[in-house]
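Notes follow the structure.
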Amino acid sequence: MIKFPDNFLWGAAASAPQTEGHSLLNGKSETTWDKWFEEKPELFNQGQGPQNTSNVYEMYHEDILNMVNIGMNSYRTSISWARLLPDGTHLNQEAVEFYRSYFQDMLNEGIEPIINLFHFDMPWWLMEKGGWENRQSVDAFAYYAQIAFEQFGDLVHKWTTFNEPMVHIESGYLYGYHYPAIVDFKKAVQVGYHTLLAHVSAVKAFRDSYNDGKIGIILNVSPAYSKSNQAGDLQAKTYSDLLSVKSFLDPAVKGTIPEKLIKLLTDNELSPKVESGDRQLINDNRVDFVGINYYQPRRVQAPINPNKPAKMPEDLFANYDWPDKKINPYRGWEIYPEALYDIALMMRDEYGNIPWYVSENGMGVADEERFMDDGMIDDQYRIDFIKEHLEQLHKGIAAGSNCFGYHMWTFVDCWSWLNGYRNRYGFYRVDLNDHFQRSVKKSGLWFKELTRNNGF
Ligand code: BG6
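Quick note: the sequence shown, position 396, residue 396 per the numbering used here, numbers continuous.
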């Protein structure tokens, strides 16, 4: 039997925009998702927009009882910035009451809330001023963070600033999956830099608030594996890790931006605008813990005939299609649990063995009703997926890595950006044709056994 450490966090993660619903109600203002859907509904799977996502706004109490029912002891979700501060300045009292009641309910039922501040949901009023391209976004975010700490600091003792900052940068400014769907490497770097400053400014606001909790950041880590040990392939791996892993992990944990990354950006004429004092701010505001979202590795090789200077990341590292890969065909993502062990050792050896947890891991599958058996989704594939990843994680913990928990994406099926409800990830099924009714899947029951035994 594989046993996990005492007090290990078992749970799941989600976000406000993907679960709350009531997106244009109860005083919330629009985000880029609301606006984009209004303008271009055809981009969204089956016209499924952000308005009525899994209705947690009304169903959170029932959901929390369902969490207890499968043995979860912790849950991460986010606060919606546009709900809490609809115009960026004035507090929406209804939002305060909603979140306080939601978090208090979790505490009453023995579920530890881990609360994140930004999960891809840029308020429209700020987007109109340029969003993360505009340095004013840094102060706006720090103000929002300060208000959240004031309003909920008595209930929440684990905070995170951003979920996967690389995703809003890449999806919004390189690959077109998020608004404003711009393709511009230099802008992407500037957006990334402002996001980093917003993160450290929120950490500063947290320290200044004398909150007795801990603060961290959630990063998607896809470690790069090179096609071969030839110099060009190895360099591709170095570039990929610098841009997508170390760019946030180093400043968040060590307080410094890697010199090699600064050189890479300078050599490619991509350096962002910085101000004096930024370095100190980054150095002074490090996290207490890190959440790592792991879904898939990155396979890379040397690019053929790249642009110099680089116009896109693919000029620095090209994708390598590993013939032996195992794939989740619905999402198109490689399944490679071994990377979780490599991540565990990386955290131990390169990041001072800082406390960290797996803040997301999961498997999205389309048309899950195919697997309905006697009224329950028989998602054995998800159970196998979790087991394989937990085995690797356990190996990493046995080797001394300081991992304190494992959260799945996700608890109840939720809405996923342009993919709507196509791929399902939950321990509980959500029935879109029947008032968002929840029903437990086989993986939920398996998870209950896992948490009861603190292992499997
Ligand atoms: C993570 C995000 O990247 O993966 C979630 O934090 C997202 O917001 C999840 O939903 C699963 O990915 P997707 O694109 O299939 O929803």
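Cβ coordinates follow ideal geometry from the N, Cα and C atoms, glycine included.
Measuring only from the beta carbon, is residue i closer than 7 Å to any heavy atom that is part of the ligand BG6?
i              : result
arginine 424   : no
asparagine 220 : yes
arginine 331   : yes
glycine 364    : yes
valine 200     : no
histidine 18   : Per the sequence shown, residue 18 should be read as glutamine rather than histidine. Yes, the ligand BG6 has a heavy atom inside 7 Å of this Cβ.
asparagine 293 : yes
tryptophan 409 : yes
valine 167     : yes
asparagine 470 : Lying before the first or after the last residue shown, residue 470 is absent from the chain, which here runs from 1 to 456.
glutamate 457  : There is no way to answer for residue 457, as the model of the chain reaches only from 1 to 456.
glutamate 334  : no
glutamate 164  : yes
histidine 119  : yes
glutamate 360  : yes
serine 416     : yes
serine 23      : no
serine 171     : no
serine 74      : no
serine 15      : yes
Measure the beta-carbon distance from residue i to residue j and round it to whole angstroms, keeping in mind my assumption that it falls under 8 Å.
i              : j                 : result
aspartate 63   : proline 50        : Not a contact, Cβ separation roughly 19 Å.
tryptophan 159 : phenylalanine 103 : About 12 Å separates the two Cβ atoms, so there is no contact after all.
aspartate 378  : phenylalanine 371 : 5 Å
tyrosine 193   : proline 272       : 4 Å
tyrosine 421   : glutamine 48      : 6 Å
tyrosine 351   : valine 200        : Wrong, their Cβ atoms sit about 17 Å apart, outside the cutoff.
glycine 426    : aspartate 434     : No, glycine 426 and aspartate 434 are not in contact; Cβ-Cβ is about 15 Å, not under 8 Å.
serine 29      : alanine 82        : 5 Å
asparagine 419 : asparagine 45     : 5 Å
valine 68      : glutamate 20      : About 20 Å separates the two Cβ atoms, so there is no contact after all.
methionine 166 : serine 244        : 6 Å
tyrosine 144   : threonine 32      : With 8 Å as the limit, tyrosine 144 and threonine 32 do not qualify as a contact, their Cβ atoms being about 16 Å apart.
Looking at the unbroken beta strand (DSSP E) that takes in residue i, where does it start and where does it end?
i                 : result
glutamate 112     : 112-118
leucine 9         : 9-13
histidine 389     : Unbroken run through histidine 389 is the alpha helix (DSSP H), 380-398; no beta strand (DSSP E).
phenylalanine 289 : 289-293
lysine 214        : 214-220
phenylalanine 404 : 403-408
tyrosine 428      : 428-431
Hey, could you find the ends of the alpha helix (DSSP H) residue i is sitting in?
i              : result
methionine 363 : Unbroken run through methionine 363: none, as it is neither H nor E.
histidine 199  : 185-208
methionine 106 : 93-108
isoleucine 282 : 278-284
arginine 452   : 442-453
Touch check for the segment 292-309 and the segment 220-227: three-plus C-beta pairs under 8 Å? Judged by pairs of C-beta atoms under 8 Å, the segment 292-309 touches the segment 220-227, as three or more such pairs exist.
Inspect the CB distances between the segment 82-89 and the segment 103-115 and report whether three or more fall short of 8 Å. Output reads no: the segment 103-115 does not touch the segment 82-89.
Would you check if there are 3 or more beta carbon pairs closer than 8 Å linking the segment 306-317 to the segment 259-269? Yes, the segment 306-317 is in contact with the segment 259-269.
Stretch pair the segment 335-349 + the segment 390-406: three plus CB contacts closer than 8 Å: Judged by Cβ distances under 8 Å, the segment 335-349 makes contact with the segment 390-406, as three or more pairs qualify.
For the segment 399-411 against the segment 353-365, do three or more pairs of beta-carbon atoms, one drawn from each stretch, fall closer than 8 Å, so that the two count as touching? Below 8 Å, enough C-beta pairs join the segment 399-411 and the segment 353-365 to call them touching: three or more.
Is it the case that the segment 92-101 contacts the segment 441-449, given that we only count it when at least three CB pairs across the two stretches are under 8 Å? Inter-segment contact for the segment 441-449 and the segment 92-101 is absent: fewer than three beta-carbon pairs are separated by less than 8 Å.
Pairing CB atoms from the segment 311-328 with CB atoms from the segment 340-350, are three or more of them under 8 Å? Not touching, per the Cβ criterion.
Runs of 3 residues minimum, wholly inside the segment 128-164: which ones carry the beta strand (DSSP E) assignment? Within the segment 128-164, the complete beta strand (DSSP E) segments at least 3 residues long are 158-163, listed from N- to C-terminus.
Enumerate, from N- to C-terminal direction, the unbroken alpha helix (DSSP H) stretches of 4 or more residues contained entirely within the segment 226-266. With a minimum length of 4 residues, the continuous alpha helix (DSSP H) runs that stay inside the segment 226-266 are 231-241.
For the segment 252-261 and the segment 167-184, state whether three or more C-beta atom pairs, one from each stretch, are separated by less than 8 Å. Because the criterion of three Cβ pairs below 8 Å is not met, the segment 252-261 and the segment 167-184 do not touch.
At 4 residues or longer, and completely inside the segment 297-361: list those alpha helix (DSSP H) runs for me, N to C. Listed in chain order, the complete alpha helix (DSSP H) runs (minimum 4 residues) inside the segment 297-361 are 338-350.
Three Cβ pairs or more, each shorter than 8 Å: is that satisfied between the segment 198-217 and the segment 145-160? Between the segment 198-217 and the segment 145-160 there are three or more inter-stretch CB-CB distances shorter than 8 Å, so the stretches are counted as touching.
Could you pull out every unbroken alpha helix (DSSP H) segment of at least 4 residues lying fully inside the segment 15-86, listed in chain order? As far as the segment 15-86 is concerned, its whole alpha helix (DSSP H) runs of at least 4 residues are 16-19, 32-39, 56-69 and 81-84.
Validate contact between the segment 144-151 and the segment 179-193 using beta carbons, cut 8 Å, 3 pairs: Between the segment 144-151 and the segment 179-193, the count of C-beta pairs closer than 8 Å stays below three; the two stretches do not touch.
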